[in-house]
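Contents: one structure, followed by commentary.
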Amino acid sequence: EAPPIAEAKFALEDVQTLLRGKPRGTFLFGRNGVGFKAPVLDEFTRNRLNGMRAMLSFYTTSGTSTYGRWGESAKMAALALGRGAHCARTLAALARRYIIDREIENLNPYGQWNHSMLADEDLADDIRLYLQSLGKDITAQKLCDYLRDPEVRQKHGIDREISHKTACRYLDELGYRFTAPKKGQYWVLLQYVDGHERPDVVYHRDHVYLPRVFELERRAWIYDDDGNRLPTPPSAPGRRVVIWYHDESIFYAHDRRGRAWYHKDAPATPYRKGDGPSYMVGDFFSADFGWLRDP
Numbered sequence: 001e002a003p004p005i006a007e008a009k010f011a012l013e014d015v016q017t018l019l020r021g022k023p024r025g026t027f028l029f030g031r032n033g034v035g036f037k038a039p040v041l042d043e044f045t046r047n048r049l050n051g052m053r054a055m056l057s058f059y060t061t062s063g064t065s066t067y068g069r070w071g072e073s074a075k076m077a078a079l080a081l082g083r084g085a086h087c088a089r090t091l092a093a094l095a096r097r098y099i100i101d102r103e104i105e106n107l108n109p110y111g112q113w114n115h116s117m118l119a120d121e122d123l124a125d126d127i128r129l130y131l132q133s134l135g136k137d138i139t140a141q142k143l144c145d146y147l148r149d150p151e152v153r154q155k156h157g158i159d160r161e162i163s164h165k166t167a168c169r170y171l172d173e174l175g176y177r178f179t180a181p182k183k184g185q186y187w188v189l190l191q192y193v194d195g196h197e198r199p200d201v202v203y204h205r206d207h208v209y210l211p212r213v214f215e216l217e218r219r220a221w222i223y224d225d226d227g228n229r230l231p232t233p234p235s236a237p238g239r240r241v242v243i244w245y246h247d248e249s250i251f252y253a254h255d256r257r258g259r260a261w262y263h264k265d266a267p268a269t270p271y272r273k274g275d276g277p278s279y280m281v282g283d284f285f286s287a288d289f290g291w292l293r294d295p
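Per UniProt numbering, residue 1 is the first one in the sequence shown, and the count goes up by one each step.
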């Protein structure tokens with residue numbers, strides 16, 4: 001007999017609470033807009049909870065073809081997870097047990113799998129120390145290389161290598177997130193305005209510069225996207241025009257990578273305001289002659 005829908009809804013709310021985590025705020029100061037703490041769940045438990053959430057959602061959502069149909073809800077949840085009949089039966093057993101006593105049975109809806117290397121606490125501690133030594137230069141590939149090191153393999157009895165995707169999953173389990181760093185506060189004393197958007201600059205560009213360029217282009221050869229000159233001669237009469245363009249690149253002292261692996265509990269750190277000193281490299285080129293060079 002299928003469980004009552006009302007009890008299944010209460011169980012679904014509890015599952016969603018476990019997956020969401022505890023609120024960051026307090027009752028004293030309010031909780032609006034402060035988000036939730038990341039729940040401490042191993043991958044095995046998280047997968048079971050996700051499966052139960054999918055099944056209970058199908059079972060308790062009115063207006064759907066699976067509403068109130070226990071077996072069909074389990075099948076749809078298994079299909080949503082890319083699995084089959086075994087997964088459906090396991091999800092049904094997990095959800096039924098959870099509705100009764102809020103216990104999460106030690107059943108794997110995905111079948112058998114290899115256990116994570118992080119189950120070895122000594123190895124997990126060594127990995128944490130290694131990642132701390134890398135500072136801001138943590139990458140999934142470096143973790144792969146570390147677990148491939150002969151000394152590490154001999155010390156912990158490692159007999160297989162991990163893929164880049166598995167390394168990313170291990171980093172996530174250890175509390176790291178691939179994101180932009182948290183930024184500390186800084187004081188802004190001056191307000192800078194992009195000179196390209198000043199009214200006088202915009203007017204000169206639209207009413208003086210661009211019309212003049214379009215006029216000159218009528219007396220210049222036209223090239224296709226591959227750099228081949230089209231046989232059509234310049235359309236405007238008069239002396240042929242060769243347009244030289246100015247190309248430049250600016251390199252800044254504070255150029256940096258925006259995203260990397262950072263621990264989710266890492267504090268915000270102060271950072272330099274602005275891009276720092278710059279170095280500009282410029283040159284001239286034309287479609288007719290290429291880069292400008294001294295003969």
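Here a beta-carbon is modelled for each residue, glycine too, at the ideal position from N, C-alpha and C. All values reported here derive from a predicted model rather than from experimental measurement.
Contact check, residue i vs residue j, beta carbons under 9 Å
i: ALA260; j: THR61; result: no
i: ALA124; j: LEU56; result: no
i: LEU118; j: LEU143; result: no
i: MET52; j: ALA85; result: no
i: TYR262; j: ARG153; result: no
i: ARG20; j: PHE44; result: no
i: SER235; j: ARG218; result: yes
i: ASP224; j: LEU230; result: yes
Anticipated Cβ contact below 8 Å, residue i with residue j, distance rounded
i: TRP244; j: PHE284; result: 5 Å
i: PRO39; j: ILE99; result: At roughly 20 Å, the Cβ-Cβ gap does not stay under 8 Å, so PRO39 and ILE99 are not in contact.
i: LEU174; j: ILE127; result: 7 Å
i: TYR252; j: ASP226; result: About 33 Å separates the two Cβ atoms, so there is no contact after all.
i: HIS246; j: GLY282; result: 6 Å
i: GLU161; j: ARG169; result: Between ARG169 and GLU161 the Cβ distance is about 14 Å, and since that is not below 8 Å, they are no contact.
i: ALA77; j: PHE58; result: 6 Å
Strand pairing of residue i, partner residues [DSSP]
i: ALA265; result: Note on identity: in this sequence residue 265 is Asp, with Ala being the wrong assignment. BP columns for ASP265 are empty, so no partner.
i: HIS246; result: PHE284
i: PRO3; result: PRO3 pairs with nothing; no bridge assigned.
i: TRP291; result: PHE285
i: SER73; result: In DSSP, SER73 forms no bridge with anything.
i: HIS260; result: Per the sequence presented here, residue 260 reads as Ala, with His not at that position. Answer is THR179, bridged to ALA260.
i: PRO23; result: PHE36
i: TYR203; result: Paired residues: none, contrary to the question.
Check: residue i C-beta below 8 Å from any heavy atom of the ligand FMN
i: LEU171; result: The model depicted lacks the ligand FMN and carries no ligand whatsoever.
With three or more beta-carbon pairs closer than 8 Å as the criterion, would you say the stretch 88-105 touches the stretch 41-52?
Result yes; three or more Cβ-Cβ pairs closer than 8 Å.
Cβ contact check for the stretch 153-161 and the stretch 237-256: 3 or more pairs under 8 Å
Contact between the stretch 153-161 and the stretch 237-256 is absent, with fewer than three C-beta pairs closer than 8 Å.
The stretch 69-80 in contact with the stretch 13-24 per 3-pair CB rule at 8 Å:
No: the two stretches stay apart, fewer than three of their Cβ pairs being nearer than 8 Å.
Inter-stretch contact (C-beta, 8 Å, three-pair minimum) for the stretch 163-183 and the stretch 201-215:
No, the stretch 163-183 is not in contact with the stretch 201-215.
Mind listing, in chain order, the continuous alpha helix (DSSP H) runs of no fewer than 4 residues lying wholly within the stretch 85-157?
Listed in chain order, the complete alpha helix (DSSP H) runs (minimum 4 residues) inside the stretch 85-157 are 85-101, 121-134, 140-148, 150-156.
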